[in-house]
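Each position in the sequence shown, counted from 1, maps to that position plus 9 in our numbering. By construction, the Cβ of each residue, glycine as well, lies at the ideal position given by its N, Cα and C atoms. Just so you know, these numbers come straight off a predicted model, no measurement behind them. Have a look at the structure below before the remarks.
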Amino acid sequence: MTSLDEVKRLLDGEVEPEGLEINSELYEMAESIYGREALEQMGIDAPARPSDNIVQPNGNAKHEVQMPAEPILQPEIPPPKPKKRSWWIFIPSLLITITIIVNFVKGIGWILPLCDETNSETVCHDKLILTSITDYQSPDSWSQAMQLELVEVGILSFFLILMFFSIRKR
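This is how it looks when you write it as structure tokens:
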């Protein structure tokens with residue numbers, strides 16, 4: 010008899026008590042439909058159910074775990090490179106900055122007498138204008154000290170920023 014026929018007979022109430030005691034699935038259906046008390050009044054005992062605690066062997070328990078002979082080597086992390094300053098940029102920018110400041114305060118003519126020729130008609134002041142540095146013989150290339158030109162401010166600012174960025178560690 011198929012399980013579908015057994016379920017139909019269970020619903021019609023035509024199942025023998027011995028069939029329910031043998032088939033645990035059919036007994037569970039009858040128990041949920043009619044209730045356990047009704048089945049006990051009919052004298053039907055519940056079939057033996059397997060326990061829920063099923064112990065499965067987990068291999069040979071006498072087996073010992075073997076540790077590897079050599080320890081696993083961790084990859085070496087290279088030490089971080091020491092931070093260094095860019096001295097190749099700092100020193101020239103410092104020298105140019107000092108030159109511009111000396112030219113502004115005292116004048117290049119104070120250090121280098123560029124137009125001290127006796128027969129020269131050029132009136133040379135101490136400060137050399139940086140935009141006219143190639144034509145230093147011209148009177149327009151010189152001015153009084155402590156007169157700051159816009160180009161000098163730009164060049165001085167650029168080299169000061171370059172100097173400060175080169176001195177910090179990378």
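At what residues does the alpha helix (DSSP H) containing residue i begin and finish?
i            : result
leucine 157  : Here leucine 157 belongs to no alpha helix (DSSP H), and DSSP marks it neither H nor E.
glutamine 75 : First-last for glutamine 75: undefined, no H or E at that position.
valine 16    : 12-21
glutamate 34 : 33-43
For residue i and residue j, I'd like the C-alpha separation in whole angstroms.
i                 : j                 : result
proline 26        : isoleucine 53     : 6 Å
leucine 157       : phenylalanine 113 : 7 Å
methionine 38     : valine 74         : 48 Å
lysine 115        : arginine 177      : 30 Å
isoleucine 105    : arginine 94       : 18 Å
leucine 20        : arginine 45       : 16 Å
proline 87        : isoleucine 164    : 42 Å
isoleucine 31     : isoleucine 81     : 59 Å
valine 16         : glutamate 40      : 13 Å
valine 111        : proline 89        : 41 Å
serine 33         : glutamine 50      : 18 Å
aspartate 14      : valine 24         : 10 Å
glycine 22        : alanine 47        : 12 Å
serine 12         : arginine 18       : 10 Å
lysine 92         : glutamate 85      : 21 Å
phenylalanine 168 : leucine 159       : 14 Å
phenylalanine 173 : tryptophan 96     : 11 Å
isoleucine 100    : alanine 78        : 58 Å
glutamine 83      : methionine 76     : 17 Å
Is residue i near the ligand FMN, in the sense that its beta carbon is under 7 Å from a heavy atom of that ligand?
i            : result
glutamate 46 : Because no ligand of any kind appears in the structure shown, any question about the ligand FMN cannot be addressed here.
Below 8 Å on the Cβ atoms is my contact criterion, and I expect residue i with residue j to pass it. Report the Cβ-Cβ distance as a whole number of Å.
i             : j              : result
serine 102    : serine 175     : 6 Å
proline 56    : tyrosine 36    : 6 Å
glutamate 161 : isoleucine 107 : So it is not a contact: roughly 13 Å between Cβ atoms.
isoleucine 98 : leucine 171    : 6 Å
**Q.** Complete runs of the alpha helix (DSSP H) confined to the segment 78-122 [at least 4 residues]
**A.** 96-114, 117-120
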